[in-house]
Amino acid sequence: MKKAFLQLHIAVLLAGFTGILGELITLNAGLLVWYRLLITAVTLWILMGLTGKIQRLPVKEALKIGGIGFLSAVHWVLFYASIKYGNVSIGLVCLSAVGFFSSILEPLLSRQPVKRTELLLGLCSVLGIYLIFHFDTQYKLGIILGFISSFFAALFPILLKFSMRRVNMQTVLTWQMTGGFVTLSMVLPFYLKAFPVNTLLPSLSDFLWLLVLAWFCSVIAFQFSMNALKKLSAFTVSLSYNLEPLYGILMVFVILKENKTLNNGFYFGFTIISFTLILHAVILKRNHKRAVAVNTPAA
């Protein structure tokens with residue numbers, strides 16, 4: 001159990017570290033995501049293929065998961081663009097809006113009633129982002145891109161959840177990354193025409209950071225999450241990932257020292273968002289305990 005908790009929190013920290021890598025890698029957002037998907041997809045096909053964990057899929061199902069992979073690629077491009085046009089803290093803090101979009105999209109797509117508590121907490125996170133947007137004018141474009149990114153970050157996991165009912169997670173992830181790579185490759189020429197670059201190839205340092213991003217923050221983080229799910233409940237894993245923006249921003253403050261360049265408006269908004277994320281975790285845990293108590297038969 002302790003090993004599972006350790007692997008889970010390492011996975012969450014690795015997920016939070018992706019924002020820092022977005023700052024360290026000098027490629028533009030489109031190329032950064034393209035290389036990440038390329039390395040991750042190739043690695044997954046090799047590892048999952050050798051271990052026999054990839055299921056055979058009907059063409060229609062593979063195309064569906066691949067299409068969802070394109071939505072995840074759009075999320076990543078917008079996320080890293082928000083970092084390039086703002087900073088890492090801005091990109092990560094905007095991820096807190098995922099809860100708001102999820103509270104609307106999941107009931108809409110699954111035809112279930114809206115959970116008012118989740119919607120209210122999501123609105124509190126949006127309020128925190130708005131305060132940063134209002135008081136920190138230099139990062140407005142980064143905030144807009146990050147906010148749109150959080151919409152796609154909420155959308156694609158909900159759609160993937162339907163596929164996971166029929167297909168194992170290793171197969172879903174492999175086809176998601178493959179689909180994201182193929183579809184992004186199709187639109188990349190148009191992207192590069194709009195945002196031209198001097199070179200398409202990463203520098204040595206960029207390539208090394210891309211390997212860290214693909215191997216550690218994607219493949220290993222996924223494997224650790226899978227290992228944790230074998231010992232821990234899906235609820236515990238999901239709850240830990242809800243705090244990813246908070247963990248990520250704290251790492252940014254320690255590693256990149258961005259806290260020295262942010263104004264009071266950011267801290268005011270960040271305080272509201274942090275309180276909302278922690279309160280959401282507390283409420284989820286309380287509701288989970290109640291559900292377990294109700295479903296546990298009396299002795």
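Quick note: the sequence shown, position 117, residue 117 per full-length UniProt numbering, numbers continuous. No residue lacks a Cβ here, since even glycine has one placed at the ideal position from N, Cα and C.
How would you label Ala-299, buried or exposed, when you count the other beta carbons within 10 angstroms and need 16 or more for buried? For the purposes of this step, residue 299 is taken as the residue at position 299 of the sequence shown. Because the pLDDT at Ala-299 is just 48, under 50, the model does not fix this residue reliably, and the value given afterwards should be weighed accordingly. Result: exposed.
Could you tell me which of Tyr-267, Lys-231 and Lys-289 sits nearest to Phe-5, measuring between CA atoms? Your numbering for residue 5 matches position 5 in the sequence shown. Among Tyr-267, Lys-231 and Lys-289, the Cα nearest to that of Phe-5 belongs to Lys-231.
Can you have a look at Met-186 and say buried or exposed, based on whether 16 or more other CB atoms are within 10 angstroms of its CB? Working through the sequence shown from its first residue, we reach residue 186 at position 186. Classification for Met-186: exposed.
Report the option in Leu-192, Thr-183, Ser-103 and Leu-21 whose CA atom is closest to the CA atom of Gly-69. Position 69 of the sequence shown holds residue 69. Per the Cα distances, Thr-183.
Rounded to whole angstroms, what is the Cα-Cα separation between Leu-14 and Ile-104? Indexing the sequence shown from 1 puts residue 14 at position 14. Indexing the sequence shown from 1 puts residue 104 at position 104. Cα-Cα distance, rounded: 28 Å.
Bounding residues of the alpha helix (DSSP H) (the contiguous stretch that carries Gln-112): If you number the sequence shown from 1, residue 112 lands on position 112. First-last for Gln-112: undefined, no H or E at that position.
Where do the ends of the alpha helix (DSSP H) carrying Ile-10 lie? As a working mapping, residue 10 is identified with position 10 in the sequence shown. Taken as a continuous stretch (DSSP letters only), the alpha helix (DSSP H) holding Ile-10 covers 2-24.
Runs of alpha helix (DSSP H) lying entirely within the region 157-238, each at least 4 residues, in chain order: Segments of the alpha helix (DSSP H) lying fully in the region 157-238: 169-194, 204-211 and 221-231.
Spatial neighbours of Leu-145 in its chain, beta-carbon cut-off 7 Å, leaving aside the 5 residues before and after: Here residue 145 is taken as the residue at index 145 of the sequence shown, counted from 1. Correct list, in chain order: Leu-78, Ala-81, Ser-82 and Tyr-85.
Give the DSSP-derived three-state secondary structure of Lys-289 in the structure shown. Translated into the one-based positions of the sequence shown, residue 289 becomes position 289. In the structure shown, the three-state DSSP call for Lys-289 is helix.
Straight-line gap, Phe-156 to Tyr-241 (C-alpha atoms, nearest Å): Residue 156 sits at position 156 when you count from the first residue of the sequence shown. Residue 241 sits at position 241 when you count from the first residue of the sequence shown. Taken atom to atom, the span from the alpha-carbon of Phe-156 to that of Tyr-241 is near 16 Å.
For Ile-54, does the three-state DSSP call read helix, strand or coil? Translated into positions along the sequence shown, residue 54 becomes position 54. It is coil, neither helix nor strand.
Would you tell me roughly how many angstroms separate the C-alpha atoms of Leu-160 and Cys-94, rounded to the nearest one? Looking up residue 160 in the sequence shown gives position 160. Looking up residue 94 in the sequence shown gives position 94. Approximately 22 Å, taken between the alpha carbons.
Once DSSP output is grouped into helix, strand and coil, what is the label at Thr-271? The count along the sequence shown starts at 1 and reaches residue 271 at position 271. When secondary structure is reduced to three states using DSSP, Thr-271 falls in the helix class.
Would you call the region 165-178 and the region 112-127 in contact, with 3 or more CB pairs under 8 Å? The answer is no - the region 112-127 does not touch the region 165-178, with fewer than three Cβ pairs under 8 Å.
With DSSP as the reference, label Asn-242 as helix, strand or coil. Stepping through the sequence shown from its first residue, residue 242 is reached at position 242. Reduced to three states, the DSSP call for Asn-242 is helix.
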